[in-house]
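Protein sequence lines, in the order shown, are assigned to chains Z and G.
Take the first sequence: its position 160, counting from 1, is numbered 160 in the working numbering, and each next residue is one higher.
In the working numbering, each number is its position in the second sequence, counted from 1, plus 1000.
Using N, Cα and C, we set each Cβ at its ideal position, and we do this for glycine too.
All figures in this text were calculated on a predicted structure; none of them were measured in a lab.
Structure first, commentary second.
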Amino acid sequence: MARIQFDHIAHSYYPNPETPADFALKEINAIWEDGGAYALLGPSGCGKTTLLNVISGLLRPSRGRVLYDGTDVTDSPPEKRNIAQVFQFPVLYDTMTVAENLAFPLKNRGFNKTDTAQRVKEVAEILDLTTDLNKKAAGLTADAKQKISLGRGLVRSDVAAVLFDEPLTVIDPHLKWQLRRKLKEIHEQLKLTLIYVTHDQVEALTFASKVILMYEGEIVQIGTPQELFENPRHKFVGYFIGSPGMNFIPCSIDGQTARVGENSILLDPETAKRGSEAGGSLELGIRPMHLQVTGSSVEDGIPATVKSVEDQGSFRILTATFDGHTVRARIPEGQPLPDKKLWLTFPAHRTKLFADERLVI
Amino acid sequence: MEKWSDNRAWFLVLPVFVIVAFSAIIPLMTVVNYSIQDIFGPGNAVFVGTEWFEEMLTDQRLQDALWRQFLFSGLVLLIEIPLGILIALAMPKKGWGVSASLVTIAIPLLIPWNVIGTIWIIFTRPDIGLFGVGINSLDLLEIPFDHTARPSYAWITLMAMEVWHWTPLVALLCYAGLRAIPEAYYQAAKIDGASSWAVFRYIQLPKMRGVLTIAVLLRWMDSFLIYAEPFALTGGGPGNSTTFLSIYLVKLATGQFDLGPAAAFSIIYFLIVLLFSFVFYQALLHVGKGEKIA
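Structure follows, in structure tokens:
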């Protein structure tokens, strides 16, 4: 086990990168504490897998250093780093039995037979593979195969970290949930550092104690799921986390209020002050669940028209327009819906201000 | 199943049936026809039952040719399959080297059989051939190299010819098989700390099973039916040392005009190739799957 640190890491797949666009990873400084459960979240192509491969050593970064417990391992290959990685598609050694598959990482490192057998038995028990141990791996179902891949990652008790690269992509939805819970259990049981790559926010938010959100080769925010939800540091975070994402409305600052066309929205005084200092292009951001909707005129309410309502089961998503801007609000079950005209209220402490796409703090 | 009242759709199968009849069934039945009769001329045939088969199965020269054939095809597989795998492993994986090596390797496959024979005959000739003159000038051999001088020399020349001609096929098949292995397997093997031998043994070899099955079958069938090369080289000599089954068969059929025994022989020949192809196919299909050969 180890504390993993990225010191000015950057990576490009081109031999001579010039512009920032040539970089798959742009200047990353981050620390993964020993024993943490991290999720690397971001849309496809944002550099998650590249980052993971830099941690494991499958990829040597173009710039910067990778430190394990303070030791520079940038030039060490994966087998020297003592790391485990589970891939998107199950990787199996077809000709071996399940037990031989699980024992393979230990066998290659010259562990003795009794220790190996003991460890394989333990891991098989954790993953409910005990009954399959003597079967050939090739004939098993996709989820059993992925469990074996997982098992090969867990079989070495001393690994620095276990890395998962979207490991549940090929698994059926109902088994996904089970396996994810299994992973959480394993984390609590073994106290391993787990780094989990996914583009599915539900997966990331339920699995991890800390989420690292990536966008176009950069880490835009590291935080607990709650922090990401409540205080998105970047417009992208607000947009990516939550379903539907945050509402953004271009505005200007006038004293303590934000002006959107003819309407003024009262802001938190501190936010308004910082916003006017920050300058740049300003935008209001508010979560659909925080936007309040009433059917009759209220004080500070902004008149708007209903565009559509989507029923999502336990709540409804209302889309409304005012002054040419479209906003979404989440309406809990049971609350009456206005049919055409409505008034929107922006609670001051929930209304965030973004200057040039970054949160004004 | 529902029963159809109109079965005219079966007529659509007719063209295929006609083609197969002319390409396979009729020629094969002609051979069967010859194998059970003694035909003196049109309308003058005597039914002889299994006589030709009995004669052929006890024919010493056929048995010798058969063992020779097994030895030859066995050696071909033993040399070409491992060599093909090695070449495929050594071939470049990206860049301009890929197309360059593919083209270079494919050249022998583009040359007609009898031209190959001629090339190698000239290459190994003791008077003007590069190899023949070269090896004889080293003065290592007791009897100077000449493929008509000793059975072993004829065999060496034939084997070199066969390996040079057909190993590229095995290599190309294996290369295709190797390229089809997803990168994640190699990455996982690195993470698991596997040695390059382990990568070969547990990833590359098992993943190449499909193409190797095809390679073994093709090389087995083809080398078992070899004709042009020994015919061009020595016509089956020196002595009978390179008289393989098809050389003997052609001698029997067109040389001595023993069509009855030759037909019986053809059928036996066909069945042997079929039987071994089936055995290889089954063996390779089930190897490493943990199931017994059915």
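Checking 9 Å against the spacing of the C-beta atoms, do Leu344 (chain Z) and Gly295 (chain Z) come in under that value?
Residue mapping note: residue 344 (chain Z) aligns to position 344 of the first sequence, counting from 1. Residue mapping note: residue 295 (chain Z) aligns to position 295 of the first sequence, counting from 1. No, these two residues do not count as a Cβ contact at 9 Å.
Output, in chain order, the set of chain G residues within a Cβ distance shorter than 9 Å of Leu140 (chain Z).
Stepping through the first sequence from its first residue, residue 140 (chain Z) is reached at position 140. Under the 9 Å cutoff, chain G gives no residues; its nearest Cβ is about 12 Å from Leu140 (chain Z).
What is the DSSP secondary structure of Ala1180 (chain G), counted as helix, strand or coil?
Sequence index remark: in the second sequence, residue 1180 (chain G) carries index 180 (1-based). Here Ala1180 (chain G) sits in coil by DSSP.
Buried or exposed: His1286 (chain G), going by 16 or more other Cβ atoms within 10 Å of its Cβ?
Working through the second sequence from its first residue, we reach residue 1286 (chain G) at position 286. The residue in question, His1286 (chain G), is exposed, as its Cβ has fewer than 16 Cβ neighbours within 10 Å.
Does chain G have any CB closer than 9 Å to the CB of Gln146 (chain Z)?
Translated into positions along the first sequence, residue 146 (chain Z) becomes position 146. By this cut-off, Gln146 (chain Z) is not an interface position.
Could you pull the DSSP bridge partners for Glu310 (chain Z) from this structure?
What you label residue 310 (chain Z) is simply residue 310 of the first sequence in a count that begins at 1. Looking at the DSSP assignment, Glu310 (chain Z) forms a beta bridge with Z:Ile317.
Extent of the continuous alpha helix (DSSP H) run through Tyr239 (chain Z):
Stepping through the first sequence from its first residue, residue 239 (chain Z) is reached at position 239. Counting along the chain, the alpha helix (DSSP H) containing Tyr239 (chain Z) begins and ends at Lys235 to Phe240.
Using CA atoms only, rank isn't needed, just tell me which of Z:Tyr14, Z:Arg330 and Z:Lys210 is closest to Arg60 (chain Z).
To locate residue 60 (chain Z), count along the first sequence from 1; it is residue 60. Of the candidates Z:Tyr14, Z:Arg330 and Z:Lys210, the one whose C-alpha sits nearest the C-alpha of Arg60 (chain Z) is Z:Tyr14.
Within 9 Å of chain Z by C-beta, residues of the region 1083-1101 of chain G in sequence order:
none
Roughly how far, in whole angstroms, is the beta-carbon of Pro105 (chain Z) from the beta-carbon of Arg152 (chain Z), given that I think they are within contact range, below 8 Å?
For the purposes of this step, residue 105 (chain Z) is taken as residue 105 along the first sequence, with counting starting at 1. For the purposes of this step, residue 152 (chain Z) is taken as residue 152 along the first sequence, with counting starting at 1. Rounded, the Cβ-Cβ distance is 6 Å, consistent with contact.
Among G:Phe1053, G:Ile1203 and G:Leu1012, which one has its Cα closest to the Cα of Asp1258 (chain G)?
Taking the first residue of the second sequence as position 1, residue 1258 (chain G) is located at position 258. Of G:Phe1053, G:Ile1203 and G:Leu1012, the residue nearest in Cα terms is G:Phe1053.
Could you name the residues of the region 78-90 of chain Z whose beta carbon sits closer than 8 Å to any beta carbon of chain G, in the order they occur along the chain?
Pro78, Glu79, Ile83, Ala84, Gln85, Phe87, Gln88 and Phe89
Less than 9 Å between CB atoms is the rule here; does Leu58 (chain Z) satisfy it with respect to chain G?
Numbered from its first residue, the first sequence carries residue 58 (chain Z) at position 58. It does: the Cβ of Leu58 (chain Z) has a partner Cβ on chain G nearer than 9 Å.
One or two residues paired with Tyr38 (chain Z) in a DSSP bridge
Here residue 38 (chain Z) corresponds to residue number 38 of the first sequence, with the count starting at 1. Per DSSP, Z:Ile195 and Z:Lys210.
Which two residues bound the contiguous beta strand (DSSP E) that contains Lys89 (chain Z)?
Walking along the first sequence from the start, residue 89 (chain Z) turns up at place 89. Looking at the sequence itself, residue 89 (chain Z) is Phe, so the reference to Lys does not match. Note, Phe89 (chain Z): premise wrong, no beta strand (DSSP E); not H, not E.
Does any C-beta atom of chain Z lie closer than 9 Å to the C-beta of Ser1196 (chain G)?
Along the second sequence, read from residue 1 onward, the residue named residue 1196 (chain G) stands at position 196. So no, Ser1196 (chain G) is outside the interface.
Assign Leu342 (chain Z) to one of three DSSP states: helix, strand, or coil.
Mapped onto the first sequence, residue 342 (chain Z) falls at position 342. Correct three-state label for Leu342 (chain Z): strand.
Could you check whether Met1208 (chain G) and Leu1075 (chain G) sit closer than 9 Å to each other, using their CB atoms as the reference points?
Stepping through the second sequence from its first residue, residue 1075 (chain G) is reached at position 75. Stepping through the second sequence from its first residue, residue 1208 (chain G) is reached at position 208. Not a contact, by the Cβ cut-off of 9 Å.
Show which residues of chain Z have a CB atom less than 8 Å away from the CB atom of Ala1188 (chain G).
Translated into the one-based positions of the second sequence, residue 1188 (chain G) becomes position 188. Gln85, Phe87, Val91, Ser149 and Arg152, listed in chain order.
Exposure of Asp1192 (chain G), with buried meaning 16 or more beta-carbon neighbours within 10 Å:
Counting from 1 along the second sequence, the entry for residue 1192 (chain G) is found at position 192. It counts as buried.
Answer yes or no: does any C-beta atom of chain Z fall closer than 9 Å to that of Lys1251 (chain G)?
Within the second sequence, the letter at position 251 stands for residue 1251 (chain G). Interface residue (Cβ-Cβ distance to chain Z less than 9 Å): Lys1251 (chain G) is not classified as such.
Is there a C-beta anywhere in chain G that falls below 9 Å from the one on Pro338 (chain Z)?
Here residue 338 (chain Z) corresponds to residue number 338 of the first sequence, with the count starting at 1. No, because no Cβ of chain G sits closer than 9 Å to the Cβ of Pro338 (chain Z).
Can you check whether the C-beta of Tyr1185 (chain G) is within less than 9 Å of a C-beta belonging to chain Z?
By 1-based counting over the second sequence, the position of residue 1185 (chain G) is 185. Yes, contact with chain Z.
Mapping the DSSP letters down to three states, classify Leu291 (chain Z) as helix, strand or coil.
Within the first sequence, the letter at position 291 stands for residue 291 (chain Z). In the structure shown, Leu291 (chain Z) sits in coil (DSSP, three-state: anything other than H, G, I, E or B).
Does the region 297-307 of chain Z come close enough to the region 1014-1026 of chain G that 3 or more CB-CB pairs lie under 8 Å?
no
On a CA-only basis, which of G:Thr1234, G:Ile1247 and G:Val1032 is nearest Trp1120 (chain G)? Give me that one, please.
Locating residue 1120 (chain G) in the second sequence gives position 120, counting from the first residue. For Trp1120 (chain G), the closest alpha carbon among the candidates G:Thr1234, G:Ile1247 and G:Val1032 is that of G:Thr1234.
Rounded to a whole number of angstroms, what is the C-alpha to C-alpha distance between Leu192 (chain Z) and Leu267 (chain Z)?
As a working mapping, residue 192 (chain Z) is identified with position 192 in the first sequence. As a working mapping, residue 267 (chain Z) is identified with position 267 in the first sequence. Distance between the alpha carbons of Leu192 (chain Z) and Leu267 (chain Z): 44 Å.
In this structure, how does DSSP classify Val1216 (chain G) when only helix, strand and coil are distinguished?
Your numbering for residue 1216 (chain G) matches position 216 in the second sequence. Correct three-state label for Val1216 (chain G): helix.
Give a yes or no on contact between the region 77-84 of chain Z and the region 1164-1184 of chain G, applying the rule of three or more CB pairs nearer than 8 Å.
Verdict: no, contact absent.
In the DSSP assignment, what residue or residues form a beta bridge with Val162 (chain Z)?
Numbered from its first residue, the first sequence carries residue 162 (chain Z) at position 162. For Val162 (chain Z), which the question treats as bridged, DSSP gives the partners Z:Ala84 and Z:Leu194.
Give me the Cα-Cα distance between Asn108 (chain Z) and Ala1194 (chain G), rounded to the nearest whole angstrom.
Along the first sequence, read from residue 1 onward, the residue named residue 108 (chain Z) stands at position 108. Along the second sequence, read from residue 1 onward, the residue named residue 1194 (chain G) stands at position 194. Each residue's alpha carbon lies about 6 Å from the other.
CB of His11 (chain Z) within 9 Å of CB of Ser62 (chain Z), strictly:
Counted from its first residue, the first sequence places residue 11 (chain Z) at position 11. Counted from its first residue, the first sequence places residue 62 (chain Z) at position 62. Against a cut-off of 9 Å, the Cβ pair of Ser62 (chain Z) and His11 (chain Z) comes out as a contact.
If contact means a Cβ-Cβ distance below 8 Å, which residues of the region 105-122 of chain Z contact chain G?
Pro105, Asn108 and Arg109
Can you name the start and end residues of the alpha helix (DSSP H) that Asp1064 (chain G) belongs to?
Here residue 1064 (chain G) refers to the residue found at position 64 of the second sequence. Unbroken alpha helix (DSSP H) run through Asp1064 (chain G): Gln1060 to Ala1090.
So, with DSSP's three-state summary, where would you put Arg65 (chain Z)?
The residue labelled residue 65 (chain Z) in the question sits at position 65 within the first sequence. In this structure, Arg65 (chain Z) counts as strand in the three-state DSSP scheme.
DSSP three-state call for Gly251 (chain Z): helix, strand or coil?
Taking the first sequence and counting its residues from 1, one reaches residue 251 (chain Z) at position 251. First, the residue type needs correcting, since residue 251 (chain Z) is Cys and not Gly in the sequence shown. Strand, per DSSP.
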